[in-house]
Amino acid sequence: MYTKKIYSARQMAWWTRYETLLFFVIITISVAAYYFLDLSWFKVPWTPLALIGTAVAFVIGFQNNSAYGRIWEARKIWGGVVNTSRTFGMFLQDMITNEHSKTPLTKAQLQAEVKTITYRHIAWMTALRHAMRARKPWETVLKKGTDKDWGIHPPEFDANLEDDLKPYVSEADLKDVLGKNNKQTALLYQQSHHLRKLKEQGIIWEFSFLELEAILQELFTLQGKSERIKNFPYPRHFATLNHFFMWIFVLLLPLALVPQFAEIGNSFKEQHPIIGDLFVWFCIPFYIIVAWIFHTMERIGRTGENPFEGTANDVPISTIARGIEIDLRQNLGELDDEIPEQFPVKYHTQF
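The sequence shown begins at 0 in numbering that gives the first Met the number 0 and counts up one residue at a time.
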């Protein structure tokens, strides 16, 4: 646990290194101007700056709470996908039988029907996670250099949807799906049509058909909730103004902090002339700490606004979907070498 904390601290320091360097430049120039150019008159009182800092802290807190709420809602939605998928897989194996069949099928044929529907469900999860990873104009976190440096990104960025769907659906179904704007919706429609066909053949009892249709209805609900978060961004006026307010505070802070440290140094200059004269330079590390905290908290809020963007702090929908696929295919009786492995973890990050 201690090692992980150190590793996380290093990541955070590396993630904000450019801004930290900028803060160092800002405060060094301010202190140098105050010390060498005798700009003791150029200062602002603490009261208005404290009011600005308090307002910025409230806005940052609101943004972080809202961003965390979006992340947590997204996690609950995909937790619902996990539970509903497992229930769906169980229902398929126990509800597709010859009990009410007009023309009984062989055991292999029944298993083939279960496998077809199960694989189509895996295709639905695949299409949904690809849709959630699609780039939106307001998703700009990954454009920053410090977010690219790690060289990690979700597997959807390296894959093509058509290629990912091919192992799970027939050519006819794939052609139909690719012709639709909303691929995941098209796959659920195919599921419903398939279930109705089996119900008409008596392979699925009418009551069982209703239960399975209710599962599809729940999947539509979960899909719609996920799409809502993806397609409706955090209000830009809140996000943009918050960013500007933070920088206004950071740029004004030296005007109050530097004179304050100079006054502290003057208070004991007679007893310790050298330390008192140079004490103003001690405000450099304090300014960097304060500015870094405000900036980092604001940046964390911006990073968490879009929980499907593909950053290291997003909901790991790729890992979740692959985990469900492994469960479903193992319960179909497939061997481990037939089932794809879980997506790898890099730098303690799941996608």
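All residues carry an ideal CB built from backbone N, CA and C; glycine is no exception.
As the structure is a prediction and not an experimental result, all values here were calculated from the model.
Using a Cβ distance threshold of 8 Å, determine whether the region 257 to 272 contacts the region 320 to 332, with at least three qualifying pairs required.
Cβ pair count under 8 Å is below three, so no.
Please list the terminal residues of the continuous alpha helix (DSSP H) segment that includes Val279.
Note, Val279: premise wrong, no alpha helix (DSSP H); not H, not E.
With distances taken Cα to Cα, identify the nearest neighbour of His242 among Glu217, Tyr188, Ile299.
The shortest C-alpha separation from His242 is found at Ile299.
What residues match up with Thr348 in a beta bridge as DSSP calls it?
DSSP, once it has assigned bridges, lists Lys345 as partnering Thr348.
Where does Ile203 sit, in a helix, a strand or coil, going by DSSP?
Residue state, collapsed to three classes: strand.
Compute the Euclidean distance between the alpha carbons of Cys282 and His236, then round it to the nearest angstrom.
Taking the straight line from one Cα to the other gives about 33 Å.
DSSP beta-bridge partners for Ile95?
Per DSSP, Ile203.
Rounded to whole angstroms, what is the Cα-Cα separation between Ala311 and Gln349?
Their Cα atoms are separated by approximately 7 Å.
Compute the beta-carbon to beta-carbon distance between Leu197 and Ile59, rounded to the nearest angstrom, for a pair I have assumed lies under 8 Å.
Actually they are not in contact, since the Cβ atoms of Leu197 and Ile59 sit about 54 Å apart, beyond 8 Å.
Please identify the residue among Asn64, Pro136, Val30 whose C-alpha is closest to the C-alpha of Phe231.
Ranking the options by Cα distance to Phe231, first place goes to Pro136.
Return the chain-ordered ranges of every beta strand (DSSP E) run that is complete within the region 16 to 41 and spans a minimum of 3 residues.
Those beta strand (DSSP E) runs which fall completely within the region 16 to 41 and span 3+ residues do not exist here.
Within the same chain, show all residues whose beta-carbon is closer than 6 Å to that of Lys3, passing over the 5 residues directly before and after it, in chain order.
Its pLDDT being 45, under 50, Lys3 is placed unreliably in this model, and the coordinates cannot settle the point.
Look at the alpha carbon of Glu199 and the alpha carbon of Glu72, and state the distance between them as a whole number of angstroms.
Rounded to whole angstroms, Glu199 to Glu72 spans 38 Å at the Cα level.
Quick one: any contact between the region 77 to 88 and the region 215 to 230, if contact means 3 or more CB pairs under 8 Å?
Yes, since at least three Cβ pairs between the region 77 to 88 and the region 215 to 230 fall closer than 8 Å, the two stretches touch.
Thinking C-alpha only, which one of Leu50, Tyr67, Ile28 is nearest Phe307?
The shortest Cα separation from Phe307 among Leu50, Tyr67, Ile28 belongs to Tyr67.
According to the Cβ coordinates, are Val249 and Phe278 closer than 8 Å?
Cβ distance not < 8 Å, so Val249 and Phe278 don't count as in contact.
Should the region 114 to 122 be called in touch with the region 166 to 179, which here means at least 3 C-beta pairs below 8 Å?
Yes, they touch.
Quick check: Pro253 and Tyr286, are their CB atoms within less than 8 Å of each other?
Taking 8 Å as the Cβ cut-off, Pro253 and Tyr286 qualify as a contacting pair.
Is the beta carbon of Ala261 less than 8 Å from the beta carbon of Phe22?
No, Cβ-Cβ distance for Ala261 and Phe22 is not below 8 Å.
Considering only their Cβ atoms, is the gap separating Leu127 from Gln183 smaller than 8 Å?
Yes, the Cβ-Cβ distance between Gln183 and Leu127 is below 8 Å.
Based on Cα-Cα distance, which residue from Ala158, Tyr188, Pro153, Ala238 lies nearest to Asp313?
The shortest C-alpha separation from Asp313 is found at Pro153.
In three-state terms, what does DSSP make of Phe182?
The sequence given here places Lys at residue 182; Phe does not occur at that position. Three-state DSSP puts Lys182 in a helix.
Rounded to the nearest angstrom, what separates Glu324 and Gly201 at their Cα positions?
Approximately 28 Å between the Cα atoms of the pair.
What are the boundary residues of the alpha helix (DSSP H) that Asp162 is part of?
Unbroken alpha helix (DSSP H) run through Asp162: 160 to 164.
How should Asp336 be labelled, buried or exposed, when 16 other C-beta atoms within 10 angstroms of its C-beta is the threshold for buried?
By the 10 Å Cβ count, Asp336 comes out exposed.
Taking the alpha-carbon positions, what's the Arg224 to Gly78 distance?
Going by the sequence as given, residue 224 is Lys instead of Arg. If I take the Cα positions, the gap works out to 12 Å.
Just to confirm, is the Cβ distance from Leu209 to Val80 under 8 Å?
Not a contact, by the Cβ cut-off of 8 Å.
Please list, in chain order, all residues of the same chain as Glu138 whose beta carbon is under 7 Å from its beta carbon, the five residues on each side excluded.
Asn305, Glu308, listed in sequence order.
Are Ile228 and Arg69 closer than 8 Å when you measure CB to CB?
Cβ atoms of Ile228 and Arg69: closer than 8 Å.
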